[in-house]
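One structure below.
Protein chains in written order, with my numbering: chain A, 10 to 328; chain G, 10 to 328.
Encoded structure:
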């Protein structure tokens with residue numbers, strides 16, 4: 010009998026998405042399963058739908074993050090999928106599994122943190138569910154809209170330049186330190202709604218970096234039918250990550266995950282816009298490589314052009 | 010420090026919903042948190058949003074239900090909240106927490122069961138999430154619409170007759186037997202989309218019976234600012250429940266939960282329609298009592314008019 014740990018999260022999802030894609034889609038489903046968010050059209054207006062879960066002892070441990078920051082984190086991790094399509098959130102549902110021993114004040118602070126984060130992004134918490142369980146688990150469903158073009162993972166073409174917002178490696182380093190028992194807090198995921206919205210009109214494809222740059226660029230490559238070349242020297246490393254890891258920082262940052270930055274594939278003719286757009290994004294925008302023709306896959310090269318060996322592509326729940 | 014088990018699920022939710030209601034609602038939120046589903050209006054069209062979670066060893070145990078039936082159950086339990094407003098589902102998101110040891114075939118069958126149930130109700134599974142965890146947990150988010158009037162819990166008035174669809178007590182008895190170690194299966198929750206849609210134009214208020222008739226009628230009473238009188242002799246008891254429990258069947262069925270039938274408050278002037286509507290509902294429709302003026306609360310009376318003592322109102326995750 011094959012078990013989930015033998016197959017892995019992404020292989021299972023990929024197979025299931027193929028299975029679903031073979032179904033008749035219908036005019037009301039613009040983007041089905043397999044992208045950052047689904048795009049549906051129940052009426053005239055296109056709506057974005059996405060769901061994500063944070064689980065205690067999987068995505069965080071007690072003490073890594075305050076209750077309010079955990080609520081904020083749950084919102085931002087989910088909203089990142091909408092940002093990666095050029096959209097933003099309008100309504101949120103919050104389903105919580107909580108152990109009966111959980112302090113009421115903890116739960117209150119968590120939900121208030123979620124609400125405040127949602128409100129700050131123009132979304133309202135309109136419903137939810139609370140159920141007993143053995144650990145804390147937070148599942149968010151977001152309904153969203155895109156003011157303009159909706160960008161999927163699938164539009165990347167050979168020749169496109171790859172850009173990354175903000176910096177990477179900082180959250181991954183924090184997780185590594187916390188796992189090793191050092192004191193500290195998980196940093197807040199960045200909010201890239203504005204960046205996603207500003208970049209969408211010019212992007213061929215976008216994805217958010219949740220499970221590691223190499224892994225998520227790999228998803229974009231598979232959806233777009235191209236390969237990617239990333240330059241280690243160009244990665245926008247978080248300062249703390251560069252300082253702590255030195256030469257090992259690029260490969261660590263490229264595979265650590267938890268960044269929630271956006272990766273954008275921009276056609277060459279739009280590249281001159283990147284510099285002009287930059288001040289409007291609210292964050293850095295760094296050119297980190299390009300898409301090339303070839304079977305889907307991601308290579309990370311050093312300054313001499315050598316392909317760097319990676320410890321892993323990124324995070325897989327079951328691998 | 011107060012813990013969740015000291016406060017209880019419903020008290021926590023009630024307090025939180027009050028807290029949220031004090032916020033400015035805005036034109037885009039028609040029904041906010043606290044009802045069966047939220048009703049939002051991102052464009053011209055009103056949309057329903059709801060979320061629900063099934064957790065292993067809380068809502069079911071391995072062996073109580075086949076993987077496909079569990080997927081179907083997850084869909085039906087969620088869709089029941091839309092039926093209780095007179096709506097139906099259009100799009101579904103499925104977030105699964107699964108232990109790495111889970112058989113892939115089990116997960117496949119679960120998701121196929123969900124998809125088949127969604128498809129049979131006119132809804133498409135458009136996205137989801139899969140994450141590792143210590144147990145199986147299934148969180149569903151549904152987007153829905155109502156073809157006509159949307160009915161909340163809040164419109165009940167003194168004098169309204171209370172009706173219940175289908176039968177109650179059957180699923181609760183199955184749970185009791187399974188918990189006691191007897192062999193068997195959890196019955197499929199009924200699908201009351203058609204009943205909800207047909208009853209909505211004539212109902213003052215509706216709610217689905219998930220945690221026990223008395224408890225859910227109590228929610229309707231609190232939302233409507235009325236009390237309820239239920240007649241034990243009028244309850245539509247599942248045949249197996251009546252046979253197995255005899256005289257104890259009404260109080261058991263009124264508090265057992267897992268029925269997923271609808272409770273409908275109908276104004277007296279509409280009562281003559283109940284008989285006429287019945288053939289179109291796809292299930293029985295039984296008059297079980299009425300709403301009366303008074304502080305919110307539910308009394309179950311025997312044929313002699315005596316108030317029956319209840320072991321509990323229904324299911325509370327933390328009580």
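Cβ atoms here follow ideal geometry from the backbone N, Cα and C, with glycine treated the same way.
Query raised in the report: Excluding sequence positions up to five away, which residues of its chain have a Cβ less than 8 Å from the Cβ of residue 130 of chain G?
Result: Correct list, in chain order: 84, 88, 97, 98, 200 and 202.
Query raised in the report: DSSP state of residue 25 of chain A, grouped into three classes?
Result: Helix, per DSSP.
Report task. Determine whether the Cβ of residue 322 of chain A lies closer than 9 Å to any Cβ atom of chain G. Result -> Not closer than 9 Å to any Cβ of chain G, the Cβ of residue 322 of chain A fails to qualify, so no.
Query raised in the report: So what does DSSP say about residue 324 of chain G, is it helix, strand or coil?
Result: Of the three classes helix, strand and coil, the one that applies to residue 324 of chain G here is coil, per DSSP.
Query raised in the report: What residues of chain A sit near residue 49 of chain G, judged by a beta carbon separation below 9 Å?
Result: Residues of chain A passing the Cβ test: 99, 100, 133, 135 and 152.
Query raised in the report: Is the region 139-153 of chain A touching the region 275-294 of chain A in the sense that three or more CB pairs, one from each, lie closer than 8 Å?
Result: Contact fails: fewer than three Cβ-Cβ distances are below 8 Å.
**Report entry** Helix, strand or coil at residue 290 of chain G [DSSP, three-state]
**Finding:** Three-state DSSP puts residue 290 of chain G in a helix.
Query raised in the report: Are the region 102-115 of chain A and the region 136-152 of chain A touching, with three or more C-beta to C-beta distances below 8 Å?
Result: In the pairwise beta carbon analysis, the region 102-115 of chain A is classified as touching the region 136-152 of chain A: at least three pairs are separated by under 8 Å.
Query raised in the report: Any idea what DSSP makes of residue 87 of chain A, helix, strand or coil?
Result: Shown here, residue 87 of chain A sits in a helix according to DSSP, grouped into three states.
Requested in this report: Rounded to whole angstroms, what's the CA-CA distance from residue 162 of chain G to residue 259 of chain A? Just pull it up for me.
Outcome: Residue 162 of chain G and residue 259 of chain A have their C-alpha atoms some 56 Å from each other.
**Report entry** Start and end residues, beta strand (DSSP E) containing residue 60 of chain G
**Finding:** First-last of the beta strand (DSSP E) with residue 60 of chain G: 56-64.
**Report entry** Boundaries (first-last residue) of the beta strand (DSSP E) holding residue 235 of chain G
**Finding:** Run containing residue 235 of chain G: none; DSSP gives neither H nor E here.
Query - Cβ pair count under 8 Å reaching 3, the region 60-73 of chain G against the region 122-140 of chain G - result: No: fewer than three Cβ pairs fall under 8 Å.
Query raised in the report: Within 9 Å (strictly less), CB to CB, does residue 143 of chain A reach chain G?
Result: Taking Cβ atoms only, chain G reaches closer than 9 Å to residue 143 of chain A, which makes this a yes.
Query - CA-to-CA distance, residue 94 of chain G to residue 41 of chain G, given in whole angstroms - result: Whole-angstrom Cα-Cα distance: 13 Å.
Query raised in the report: residue 64 of chain G CB to nearest chain A CB: under 9 Å?
Result: With respect to chain A, the C-beta atom of residue 64 of chain G has a partner C-beta closer than 9 Å.
**Report entry** residue 122 of chain A, enclosing beta strand (DSSP E) - first and last residue
**Finding:** Looking at the DSSP string, residue 122 of chain A is not in any beta strand (DSSP E); the run it does join, the alpha helix (DSSP H), is 113-129.
Query raised in the report: Any idea if residue 245 of chain A is buried or exposed, counting beta-carbon neighbours within 10 angstroms, 16 or more meaning buried?
Result: Residue 245 of chain A counts as buried, since at least 16 other C-beta atoms from the protein chains shown sit within 10 angstroms of its C-beta.
Query raised in the report: Can you tell me where the beta strand (DSSP E) with residue 154 of chain G in it begins and where it stops?
Result: Taken as a continuous stretch (DSSP letters only), the beta strand (DSSP E) holding residue 154 of chain G covers 146-154.
Query raised in the report: Which residues, in chain order, does the region 257-277 of chain A contribute to contact with chain G at a C-beta distance below 7 Å?
Result: Those residues of the region 257-277 of chain A that come within reach of chain G (Cβ to Cβ, closer than 7 Å) do not exist; the list is empty.
Requested in this report: Would you verify that the beta carbon of residue 96 of chain A is, or is not, closer than 9 Å to some beta carbon of chain G?
Outcome: It does not: the Cβ of residue 96 of chain A has no partner Cβ on chain G nearer than 9 Å.
**Report entry** Whether residue 233 of chain G touches residue 323 of chain G by CB criterion (9 Å)
**Finding:** The answer is no: Cβ separation not under 9 Å.
Requested in this report: Count the other C-beta atoms from every protein chain shown that fall within 10 angstroms of the C-beta of residue 256 of chain A, then say buried if there are 16 or more, exposed otherwise.
Outcome: By the beta-carbon neighbour count (other beta carbons within 10 angstroms, threshold 16), residue 256 of chain A is exposed.
Query raised in the report: Which residue from A/243, A/53 and A/269 puts its Cα closest to that of residue 205 of chain A?
Result: When each option's Cα is compared against that of residue 205 of chain A, the closest is A/269.
Query raised in the report: Near residue 73 of chain A, which residues of its chain fall below 7 Å by C-beta distance, leaving aside the five closest residues on each side in sequence?
Result: So the list reads 187, 194 and 195, once near-sequence residues are dropped.
Query raised in the report: Can you tell me whether DSSP reads residue 210 of chain A as helix, strand or coil?
Result: Helix at residue 210 of chain A.
Query raised in the report: Is it right to say residue 318 of chain G is buried, meaning 16 or more other beta carbons lie within 10 angstroms of its own, or is it exposed?
Result: It is exposed - the Cβ of residue 318 of chain G has fewer than 16 other Cβ atoms within 10 Å.
Report task. Please confirm if residue 25 of chain G has its CB atom under 9 Å from at least one CB of chain A. Result -> Closer than 9 Å: yes.
**Report entry** Secondary structure, beta strand (DSSP E): runs of 3+ residues fully inside the region 223-285 of chain A
**Finding:** Complete beta strand (DSSP E) runs here, min 3: 236-240 and 270-275.
**Report entry** Three-state class that DSSP yields for residue 205 of chain A in the structure shown
**Finding:** Helix.
Requested in this report: Would you kindly work out how many angstroms separate the C-alpha atoms of residue 57 of chain A and residue 45 of chain G, rounded to a whole number?
Outcome: If you draw a straight line from the Cα of residue 57 of chain A to the Cα of residue 45 of chain G, it is about 22 Å long.
Requested in this report: Answer yes or no: do residue 53 of chain G and residue 52 of chain A have a C-beta to C-beta separation smaller than 9 Å?
Outcome: Yes, the pair counts as a contact, with Cβ atoms nearer than the cut-off.
Report task. With DSSP collapsed to three states, give me the class of residue 102 of chain G. Result -> Reduced to three states, the DSSP call for residue 102 of chain G is strand.
Report task. For chain G, find out if any of its Cβ atoms is closer than 9 Å to the Cβ of residue 67 of chain A; answer yes or no. Result -> Yes, residue 67 of chain A lies at the interface with chain G (some Cβ there is under 9 Å from its Cβ).
Requested in this report: Using 10 angstroms around the beta-carbon of residue 248 of chain G, count the other beta-carbons present and answer buried if the total reaches 16, otherwise exposed.
Outcome: Residue 248 of chain G should be labelled exposed.
Report task. Check whether the Cβ atoms of residue 221 of chain A and residue 266 of chain A sit closer than 9 Å, and answer yes or no. Result -> A contact, by the Cβ cut-off of 9 Å.
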